[in-house]
Amino acid sequence: MQTLLLMLLAVVAGFVVPIQSILNGRLGNLLENPFLAGLVSFLGGTVTLCLVLLVTTPGIPQVPTDGKSFPWYLFTGGMFGAVFVTCVLTLVPRIGATNVLAGAVVGQFIMALIVDHFGILGVPHNNASLMRVAGCLLLITGMLLINRG
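The sequence shown begins at -14 in the working numbering and counts up by one.
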């Protein structure tokens, strides 16, 4: 039951992606610069996260300095977010939110399948079973149908 509720939360989180994509696409058109639009979008996200952090964290948050080292690649998530946001805000005005997000979902599932199968970046190993591969193929088919629609 808990897994089902968490998956429902993931679906709800997915509801915001088309809205974010449309808003960022319109912002990119108005600013006539996808990189500036991406920066403005990330600035809005940064302000939001700062406010949430201040409200939910007692005292001043500290980065651990107890000698733990962090792998360098853990700090690259924002870079990948910037690539995603910039691509989406550039593509939505050209091919529409549905086509962009269909392609993005297919890309996410294919990469997730690869990451799970090989246990990349510390993710628990989960074989790319025939059913999972078939699911990805159905997603690709869905993307193609959406594109033709």
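The C-beta atom is built at its ideal place from N, Cα and C for all residues, glycine as well.
Legend entry - C-alpha distance - L74 paired with A89, whole-angstrom precision: Straight-line measurement puts the Cα of A89 at about 12 Å from the Cα of L74.
Inset, instruction - Check whether the Cβ atoms of P19 and A82 lie closer than 9 Å to each other. - result: 9 Å or more divides the Cβ of P19 from the Cβ of A82.
Inset, instruction - Confirm, please, whether the CB-CB distance from A87 to M116 is below 9 Å. - result: No, the Cβ-Cβ distance between M116 and A87 is not below 9 Å.
Legend entry - Alpha carbon of Q(-13) to alpha carbon of H110, nearest angstrom: Those two C-alpha atoms are separated by around 22 Å.
Legend entry - T50 - DSSP class collapsed to helix/strand/coil: The three-state secondary structure of T50, taken from DSSP, is coil.
Legend entry - Rounded separation between L8 and G29 - CA only: Rounded to the nearest angstrom, the gap between the Cα atoms of L8 and G29 is 12 Å.
Inset, instruction - For L76, count neighbouring Cβ atoms within 10 angstroms of its own Cβ and tell me buried if that reaches 16, exposed if not. - result: It is buried - the Cβ of L76 has at least 16 other Cβ atoms within 10 Å.
Legend entry - Environment of T41 [buried if 16+ CB atoms lie within 10 Å]: Looking at its Cβ environment, which holds fewer than 16 other Cβ atoms inside 10 Å, T41 is exposed.
Inset, instruction - Please state if the CB of H102 and the CB of A119 are separated by a distance shorter than 9 Å. - result: Between A119 and H102, the CB-CB gap reaches or exceeds 9 Å.
Inset, instruction - Leaving aside the five residues before and after V85 along the sequence, list all residues of the same chain whose C-beta is less than 7 Å from its C-beta, in chain order. - result: Only residues of its own chain outside the window of five on either side were considered, and among them S6, V73, L76, V77 have a CB closer than 7 Å to the CB of V85, listed in chain order.
Legend entry - Range covered by the alpha helix (DSSP H) that runs through N84: Boundaries of the alpha helix (DSSP H) harbouring N84: 82 to 103, taken from the DSSP string.
Legend entry - Anticipated Cβ contact below 8 Å, V91 with L123, distance rounded: That pair is no contact at about 10 Å.
Legend entry - Inter-residue CB distance, L59 and P46 (contact presumed, cutoff 8 Å): That belief does not hold up - the Cβ atoms of L59 and P46 are roughly 17 Å apart, past 8 Å.
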